[in-house]
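These notes are about the structure you will find just below.
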Amino acid sequence: MIMNFRIFRYDPEKDDEPYYRDYEIEADPKDRILDCLNRIRAEKDPTLSFRMSCGHGVCGSDGMRINGASALACQKLVRDFKENEEVLIEPLQVFRVVKDLIVDLDPFFERYNSIRPYLITKNPVPDKERFQSVEEHRTFEDAIRCILCACCTASCPVNQDKATEAYIGPASLVRAFRYLFDSRDEGSTERIALLDNKDGAWGCQTKWMCTKVCPKEIPVTKEIFEIKKRILESRKGKK
Ligand code: SF4
Ligand code: FES
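So my numbering is basically just the index in the sequence shown, starting at one, shifted up by 16.
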């Protein structure tokens, strides 16, 4: 089938302004949008820039906006679009464009690192593993699916608003949830201190866009709500 793409283009080293370029290609209904982008780059325009690696929804590198919604290009199939429909491809919002569909994710990972995304332990290392029951593991197993694609943060109206852009964003909060609710973690006091502020968990205004776009179907908004509940419980414990 014939597919028409309108793709955002911008090379800050050469272009005064971003612009859009149209491409028409032949595609199989089973192709993914990522296959189409690869074909456009191979056959029509080698200057088109985008990130990709695994091609299978694992690495999180091909987050972009497809018809206005953040998504992974490797998880969208051609057959989900109509023949001759114009498919609009743009870079993720919120982040600075480096070139075409590539955005600067350094601020995303700086915020992610700020929540201490690793197990904090205080007791000596046990002889065997740190034991955890299946039920305890289930508490945070949705959050483990996060591939740090940044689709949620890019879609969040709070992160998109210049006045509240310091908010650490949903992806960092999903990872914070993952450790806060891990029975083996012993850093809840430090974690709650990092999250209990207007740019932490309280920055979330429950707009649900993160949950809507997450390609791994993580209940992002619900997990942020659970963090808020845990913060309130800890405040009561201090009284
Ligand atoms: Fe991507 Fe979902 Fe993780 Fe956000 S929570 S970074 S949308 S996988
Ligand atoms: Fe790895 Fe899409 S290319 S998630």
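Every residue gets a Cβ at the ideal spot worked out from N, C-alpha and C, and that includes glycine.
From a predicted model like this one, the values you see are computed outputs, not experimental measurements.
- Using a C-beta cut-off of 8 Å, the region 166 to 174 makes no contact with the region 195 to 205, since fewer than three inter-stretch Cβ pairs fall below that distance.
- In this structure, threonine 180 keeps its C-beta atom at 8 Å or more from the C-beta atom of valine 110.
- Taking a contact as a CB-CB distance under 8 Å, the pair aspartate 38 and arginine 22 counts as one, their CB atoms being some 5 Å apart.
- With 16 or more neighbouring CB atoms inside 10 Å of its own CB, lysine 92 falls in the buried class.
- For the region 34 to 73, the continuous alpha helix (DSSP H) assignments of 4+ residues that do not extend past its boundaries occur at 49 to 55, in sequence order.
- When the beta-carbon positions are compared, isoleucine 247 and proline 186 stay at least 8 Å from each other.
- The alpha-carbon separation between asparagine 213 and alanine 58 amounts to approximately 48 Å.
- Under DSSP, methionine 80 takes part in a beta bridge, and its partners are Ala87.
- Non-local C-beta neighbours of lysine 223 in its own chain, meaning closer than 6 Å and more than five positions away in sequence, comprise Pro173, ordered along the chain.
- The three-state reading of DSSP puts arginine 95 in helix, counting H, G and I together.
- In the structure shown, valine 103 falls within a strand segment according to DSSP collapsed to helix, strand and coil.
- In the three-state reduction of the DSSP assignment, phenylalanine 125 falls in the helix class, which pools H, G and I.
- Rounded to whole angstroms, the gap between the alpha carbons of proline 140 and arginine 146 is 10 Å.
- Residue selection by CB proximity (closer than 7 Å to any heavy atom of the ligand FES) returns Leu50, Met68, Ser69, Cys70, Gly71, His72, Gly73, Val74, Cys75, Gly76, Ser77, Asp78, Leu88, Ala89, Cys90, Gln91, Ile163 and Cys165 in chain order.
- About 5 Å separates the Cβ atoms of valine 229 and cysteine 167, confirming a contact at the 8 Å cut-off.
- Proximity of the region 61 to 79 to the region 99 to 117 meets the contact definition, three or more beta-carbon pairs being nearer than 8 Å.
- Counting along the chain, no beta strand (DSSP E) covers isoleucine 247; the unbroken alpha helix (DSSP H) around it starts and ends at 236 to 254.
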